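Working notes for the structure below.
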Amino acid sequence: MKNKGFSLLELLVVIGIISILLAIAVSSYSTTQKKTRDARRASDLKTIQQAAEQYYSVCGYVYPTMTTEADFAIFCPDAPTIMLLPSDKLPLDPKTGSAYTCGGTCDDTGFTLCATPELAGTICVTNQQ
Numbered sequence: 687m688k689n690k691g692f693s694l695l696e697l698l699v700v701i702g703i704i705s706i707l708l709a710i711a712v713s714s715y716s717t718t719q720k721k722t723r724d725a726r727r728a729s730d731l732k733t734i735q736q737a738a739e740q741y742y743s744v745c746g747y748v749y750p751t752m753t754t755e756a757d758f759a760i761f762c763p764d765a766p767t768i769m770l771l772p773s774d775k776l777p778l779d780p781k782t783g784s785a786y787t788c789g790g791t792c793d794d795t796g797f798t799l800c801a802t803p804e805l806a807g808t809i810c811v812t813n814q815q
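If you count by our numbering, then the sequence shown holds residues 687 to 815, one letter each, in order.
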């Protein structure tokens with residue numbers, strides 16, 4: 687009489703294969719999320735850079751002093767009706783929710799803004815003038 691069903695060895699092999707495939711899928715998904723958040727960080731810094739460049743051209747060819755996140759949401763003194771980057775639209779880090787920081791000089795002559803990506807390296811933008 688022949689037994690029907692799977693042996694213990696067959697079940698262990700199948701469980702092992704499924705575990706390996708699951709580990710690969712989870713790792714790949716995690717890396718994809720990190721890449722997506724890093725791309726968002728680069729886009730956010732570009733948005734802040736563009737607002738600072740607009741400020742530069744509208745407000746007497748000086749850059750806003752950006753020492754805190756509140757400084758990004760700044761009115762132009764020469765054109766007080768223009769708000770170049772409203773505080774409620776201020777881009778924040780997609781993972782931590784914190785503001786981006788000045789990575790060097792951030793005064794009326796120029797700026798460098800940086801974000802720390804989850805993958806290797808640093809993402810920075812600087813003034814174009």
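Glycine is no exception: its CB is placed at the ideal position from the N, C-alpha and C atoms.
Here the structure is a predicted model, which means the values were calculated and not measured.
Residues Tyr786, Leu799, Ala801, Ile809, Val811 of the same chain have their beta carbon placed closer than 7 Å to that of Leu731, with the five preceding and five following residues left out of the count. Leaving aside the five residues that flank Lys721 on each side, the residues in its chain whose CB is nearer than 8 Å to its CB run, in chain order, Leu805. Closest option to Leu778, judged by alpha-carbon separation, among Ile734, Gln740, Ala738: Ile734.
In the structure shown, Gly790 falls within a strand segment according to DSSP collapsed to helix, strand and coil. When DSSP states are grouped into helix, strand and coil, Thr722 belongs to the helix group.
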